[in-house]
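Visitor: Sequences listed follow chains A and B, in order. Numbering-wise, this note's numbering comes out as the position in the first sequence, counting from 1, plus 3. Numbering-wise, this note's numbering comes out as the position in the second sequence, counting from 1, plus 442. Got a structure for you, questions after.
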Amino acid sequence: MKKETILATVFGVLLGLIVAVILILVLRPSGKQKIEKTDSKLTPKISKSSNIIPLEIKEPGDRKISEENTIKISGKVKKGSLIIIESPVSQEVLTNKQESFNVDFPLARGENLITVRAYVDRTQTIPQIKTLKVYYLSE
Amino acid sequence: MKLKHLFLTLLVFVFIFANSVIGQDSNKELEDIQQFKDKLASKVAELQKKEDKAQAGFLLEIKSKSLKIETSDKEELLVELDELLTKYYSVSTSTLNEITKEKLEIGDYIIVTGPLNGKVISANNIYLDENFTSGSGIVNDTGQGDFSLSIVTLENETITIDIESSSKRKILNIKTLELEDVGFSKIKSGDVVHFFYKKLNNKEEKRYSATKILVIPQEYFSK
Numbered sequence: 004m005k006k007e008t009i010l011a012t013v014f015g016v017l018l019g020l021i022v023a024v025i026l027i028l029v030l031r032p033s034g035k036q037k038i039e040k041t042d043s044k045l046t047p048k049i050s051k052s053s054n055i056i057p058l059e060i061k062e063p064g065d066r067k068i069s070e071e072n073t074i075k076i077s078g079k080v081k082k083g084s085l086i087i088i089e090s091p092v093s094q095e096v097l098t099n100k101q102e103s104f105n106v107d108f109p110l111a112r113g114e115n116l117i118t119v120r121a122y123v124d125r126t127q128t129i130p131q132i133k134t135l136k137v138y139y140l141s142e
Numbered sequence: 443m444k445l446k447h448l449f450l451t452l453l454v455f456v457f458i459f460a461n462s463v464i465g466q467d468s469n470k471e472l473e474d475i476q477q478f479k480d481k482l483a484s485k486v487a488e489l490q491k492k493e494d495k496a497q498a499g500f501l502l503e504i505k506s507k508s509l510k511i512e513t514s515d516k517e518e519l520l521v522e523l524d525e526l527l528t529k530y531y532s533v534s535t536s537t538l539n540e541i542t543k544e545k546l547e548i549g550d551y552i553i554v555t556g557p558l559n560g561k562v563i564s565a566n567n568i569y570l571d572e573n574f575t576s577g578s579g580i581v582n583d584t585g586q587g588d589f590s591l592s593i594v595t596l597e598n599e600t601i602t603i604d605i606e607s608s609s610k611r612k613i614l615n616i617k618t619l620e621l622e623d624v625g626f627s628k629i630k631s632g633d634v635v636h637f638f639y640k641k642l643n644n645k646e647e648k649r650y651s652a653t654k655i656l657v658i659p660q661e662y663f664s665k
């Protein structure tokens, strides 16, 4: 191969590389553009003013064993909800003036299936539901 | 002769002394064993107290050293039994009665307490109990005089709930928000009903006998 041919090939490859680097640098989006892109509105934002408070039971935990024949049920749900707490042997109805609520609830010996239903809106017949099992097994 | 007498006395003395030393040793050993037993018992009691959760399910299999149960979430758990430690009780409203393992039958609903490791429970106590399940929905039909309610559940399934004379029936007073007793005739289509029933196995059925219902009149929701 002639010396000129080798020189021309090397020169061509170098030129190609330079053009590629320039194109990458020029066409690559800047950091600001990247941030704008990630700020897309595809993911819905949760605004602080949102009024959705899902029913939450703080205590007792599911499958808990209780030493006493009553248990404190506490939780949180939208203010003014109609809360109905039921087990096969007992029931309590309350409306919460605050978001949080708590009730002393009687237990039967053995397994106690406790269902907490909160009707947060009078136009909604579908309640928010939490179900838990509490065991009272003392002799 | 004198030497022989002395030798015999010495032998007797050594024998008595050795016995008392051995006796002391065995007494000390017994005390140590008792202390160890006490420590073990208090540790077991402590662990049992810490392990304050229980598992429950329908009995699928009974073997000499283990049981298999299926929870209401259709999860299978292996229950390891200990001949000495595991105790068995039947649950009644007023008390617990100790029973033997032989009283357990396939399909029984049992509660198991003890350490849970993955899907294996080392059973401390086993309680023979009844399973109650709850549900809710909207009354679709109040039946043809057969004291049954057709209910569309939250899962959009239609099931039938039989109201027995023994079923506890309550209705929400929409003015006072207090619960009152209610007769079957007061329940109407469109009312919301919460119900409890006894489940005899882990299969889903389309008809249950209610032990308890609570009615929220549809008027509560139309304000």
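Note that CB positions come from ideal geometry on N, CA and C, so glycine has one too.
Write down the C-beta distance between residue 88/A and residue 117/A rounded to the nearest angstrom, noting that I regard them as a contact closer than 8 angstroms.
Guide: Rounded, the Cβ-Cβ distance is 7 angstroms, consistent with contact.
Visitor: Mapping DSSP to helix, strand and coil, what is residue 656/B?
Guide: If DSSP states are grouped into helix, strand and coil, residue 656/B belongs with the strands.
Visitor: With 8 angstroms as the limit, tell me which residues of the stretch 113 to 139 of chain A have their beta carbon closer than that to any beta carbon of chain B; keep them in chain order.
Guide: Those residues of the stretch 113 to 139 of chain A that come within reach of chain B (Cβ to Cβ, closer than 8 angstroms) are 113, 114, 116, 118, 120, 122, 125, 126, 127, 128, 129, 130, 132, 134, 136 and 138.
Visitor: Using the Cβ count rule (16 or more neighbours within 10 Å means buried), how would you classify residue 607/B?
Guide: It counts as exposed.
Visitor: Where in the stretch 526 to 606 of chain B do unbroken runs of the beta strand (DSSP E), each at least 3 residues long, occur, reported from the N-terminal end onward?
Guide: DSSP runs (the beta strand (DSSP E)) wholly in the stretch 526 to 606 of chain B: 529 to 533, 538 to 541, 551 to 555, 562 to 564, 567 to 571, 573 to 583 and 590 to 595.
Visitor: CB-CB under 6 angstroms to residue 133/A, same chain, minus the five flanking residues each way: which ones, in chain order?
Guide: Within the same chain, residue 133/A has close Cβ partners 58, 60 and 119.
Visitor: Run the CB neighbour count on residue 596/B, radius 10 Å, all protein chains shown included, and call it buried at 16 or more, exposed below.
Guide: Residue 596/B should be labelled exposed.
Visitor: Between which two residues does the alpha helix (DSSP H) harbouring residue 75/A extend?
Guide: Taken as a continuous stretch (DSSP letters only), residue 75/A belongs to no alpha helix (DSSP H), being part of the beta strand (DSSP E) at 73 to 79.
Visitor: For a quick check, are the C-beta atoms of residue 631/B and residue 583/B less than 8 angstroms apart?
Guide: Yes, they are a contact pair.
Visitor: With the cut-off set at 8 angstroms, would you say residue 540/B and residue 551/B are in Cβ contact?
Guide: No; because the gap between Cβ atoms is not below 8 angstroms, this pair is not in contact.
Visitor: What span of residues does the alpha helix (DSSP H) with residue 11/A cover, start to end?
Guide: It spans 6 to 30 - the alpha helix (DSSP H) in which residue 11/A sits, taken as one unbroken run.
Visitor: Does the Cβ of residue 112/A have 16 or more other Cβ atoms within 10 Å, making it buried, or fewer, making it exposed?
Guide: Buried.
Visitor: For residue 586/B, count neighbouring Cβ atoms within 10 angstroms of its own Cβ and tell me buried if that reaches 16, exposed if not.
Guide: Answer is exposed; the Cβ neighbour count stays below 16.
Visitor: With a floor of 3 residues, list each beta strand (DSSP E) that falls wholly inside the stretch 57 to 125 of chain A, ordered by position along the chain.
Guide: List check, beta strand (DSSP E) in window: 59 to 62, 67 to 69, 73 to 79, 85 to 89, 94 to 98, 103 to 109 and 113 to 122.
Visitor: For residue 620/B, return the contacting residues in chain A, with the cut-off set at a CB-CB distance below 9 angstroms.
Guide: Here the neighbours are 96.
Visitor: Quick check: the Cα distance between residue 43/A and residue 122/A, rounded to an integer number of angstroms?
Guide: For residue 43/A, the pLDDT reaches just 49, beneath the cut-off of 50, and the residue's location in the model is therefore unreliable, although a value from the coordinates is still provided. Approximately 35 angstroms, taken between the alpha carbons.
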